[in-house]
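One structure is given here, and the rest of the page talks about it.
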Amino acid sequence: MTTGDTRPSWTSIEEIGDVVRSCTKCALHKGRVNAVPGSGSANARIIIIGEGPGFNEDQQGLPFIGRSGKLLDELLAAVPIVRDDVFITNVVKCRPPDNRDPLPDEVIACRPYLKRQMELLDPRVIVTLGRHSLLRFYHEGKISKDHGKILRWEGRILFPLYHPAAGLRNPAIKKQLQEDVLQLPEAVRESIRLSAPAPQPPQPSTEVSESQIAEQPTQPIAEVPETPEAGTQLSETQFTNETTEKGDRQLGMF
Ligand code: SF4
690 MTTGDTRPSW TSIEEIGDVV RSCTKCALHK GRVNAVPGSG SANARIIIIG EGPGFNEDQQ
750 GLPFIGRSGK LLDELLAAVP IVRDDVFITN VVKCRPPDNR DPLPDEVIAC RPYLKRQMEL
810 LDPRVIVTLG RHSLLRFYHE GKISKDHGKI LRWEGRILFP LYHPAAGLRN PAIKKQLQED
870 VLQLPEAVRE SIRLSAPAPQ PPQPSTEVSE SQIAEQPTQP IAEVPETPEA GTQLSETQFT
930 NETTEKGDRQ LGMF
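Mind the numbering: the sequence shown is residues 690 to 943 in the numbering used here, read in order.
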């Protein structure tokens, strides 16, 4: 069920799958054999996001089942992680013709499905595969520079990797993929640290005498921005690239 593209209210991953399989919101539905909503655990704490289905995925309605999928499985096995531990999907759920890049209007039309999948799964780690998937979250990202880095995105970990298809075409990229994926366990650990409650300051264990109170220095109170706009700009939409000193970065689609 949906209240419109901007406020989808699907209540489960399965329901999104059903809606995607009958979706005609963009031109990609005309050439598909099957839509590919995604597969894996509905309790996954890791979501892996590719760009769009290829030929084999379109034929079977499942993500990453061709040669790219085989390489992805090999990469995950090195960690080790199996598909049942993760949820795998794509930015667009129907195959672009001749495996071309998805067009902006196709990405926009398909956006509510990925957005709602993210809301329902609430993953701690987002693994993007390839440039286009990275750009959905990080407009200024460059896959050649950011691959294998552990980044923060809205209280989660963003972990960009090259697309396995690029690894199949280029042995150097495949080798880099094999090295980068070894950082995935650390990305998971970092996501756990990120979601852990902040330590509480120690509480005074004894009563404070009046003379001690008189000796207490006055604590300065942090200034609150006078305008609501100034405050909201420093909200949850901050992006921090931990691997550089540049600090805040521009956000992607969500
Ligand atoms: S790509 Fe997405 S928006 Fe376009 S038809 Fe397929 S499911 Fe619908």
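For each residue, glycine too, the CB sits at the ideal point set by N, CA and C.
Quiz item: CB S728 to CB L809, shorter than 9 Å?
Solution: no
Quiz item: In terms of residue numbering, what span does the beta strand (DSSP E) encompassing I777 cover?
Solution: V775 to N779 is the span of the beta strand (DSSP E), which, as asked, contains I777.
Quiz item: Helix, strand or coil for F848 per DSSP?
Solution: strand
Quiz item: What are the start and end residues of the alpha helix (DSSP H) that includes R710?
Solution: I702 to R710
Practice problem: When you get a sec, list the residues whose CB is within less than 7 Å of any heavy atom of ligand 1, chain order please. | Solution: V709, C712, T713, K714, C715, L717, H718, R721, A724, V781, K782, C783, E795, A798, C799 and Y802
Exercise. Take every Cβ of the segment 808–828, pair it with every Cβ of the segment 778–795, and state whether three or more of those distances are shorter than 8 Å.
Key: yes
Quiz item: Is it true that the segment 739–756 meets the segment 711–724, where meeting means three or more beta-carbon pairs spaced less than 8 Å apart?
Solution: yes
Quiz item: For D790, which residues from the same chain have a beta carbon less than 7 Å from its beta carbon, with the 5 sequence-adjacent residues on both sides left out?
Solution: H821
Practice problem: Under the assumption that P812 contacts I735 (Cβ atoms under 8 Å), give the Cβ distance between them as a whole number of angstroms. | Solution: Indeed, because the Cβ distance is near 6 Å, the residues count as touching under 8 Å.
Quiz item: Under the three-state reduction of DSSP, which class applies to I862: helix, strand or coil?
Solution: Reduced to three states, the DSSP call for I862 is helix.
Exercise. With a floor of 3 residues, list each beta strand (DSSP E) that falls wholly inside the segment 742–797, ordered by position along the chain.
Key: 775–779
Quiz item: DSSP state of G856, grouped into three classes?
Solution: In this structure, G856 counts as helix in the three-state DSSP scheme.
Self-check item: Three-way DSSP call (helix, strand, coil) for I839 in this model
Solution: coil
Exercise. Please determine if the segment 798–808 and the segment 748–765 are in contact, where contact requires at least 3 C-beta pairs separated by less than 8 Å.
Key: no
Quiz item: Where does the unbroken alpha helix (DSSP H) through V870 begin, and where does it stop?
Solution: From DSSP, V870 is part of no alpha helix (DSSP H); its letter is neither H nor E.
Quiz prompt | Cβ-based neighbour list, C715, same chain, cut-off 6 Å, excluding 5 preceding and 5 following | solution = E795 and A798
Practice problem: Give the straight-line distance between the Cα atoms of L873 and R858, rounded to the nearest whole angstrom. | Solution: The C-alpha of R858 is placed about 23 Å away from the C-alpha of L873.
Quiz item: To the nearest angstrom, how far is it from the Cα of D707 to the Cα of R878?
Solution: Straight-line Cα distance between these residues: approximately 34 Å.
Quiz item: Looking at L871 and V768, is the spacing between their C-beta atoms short of 9 Å?
Solution: yes
Quiz prompt | Delimiting residues of the alpha helix (DSSP H) encompassing L823 | solution = Looking at the DSSP string, the run of the alpha helix (DSSP H) that includes L823 is R820 to F826.
Exercise. In the DSSP assignment, find the unbroken beta strand (DSSP E) run with G739 in it and report its ends.
Key: Residues I735 to G739.
Exercise. Express the C-alpha separation of E829 and V771 in angstroms, rounding to a whole number.
Key: 31 Å
Quiz item: Under 9 Å between the Cβ atoms of V814 and A731?
Solution: no
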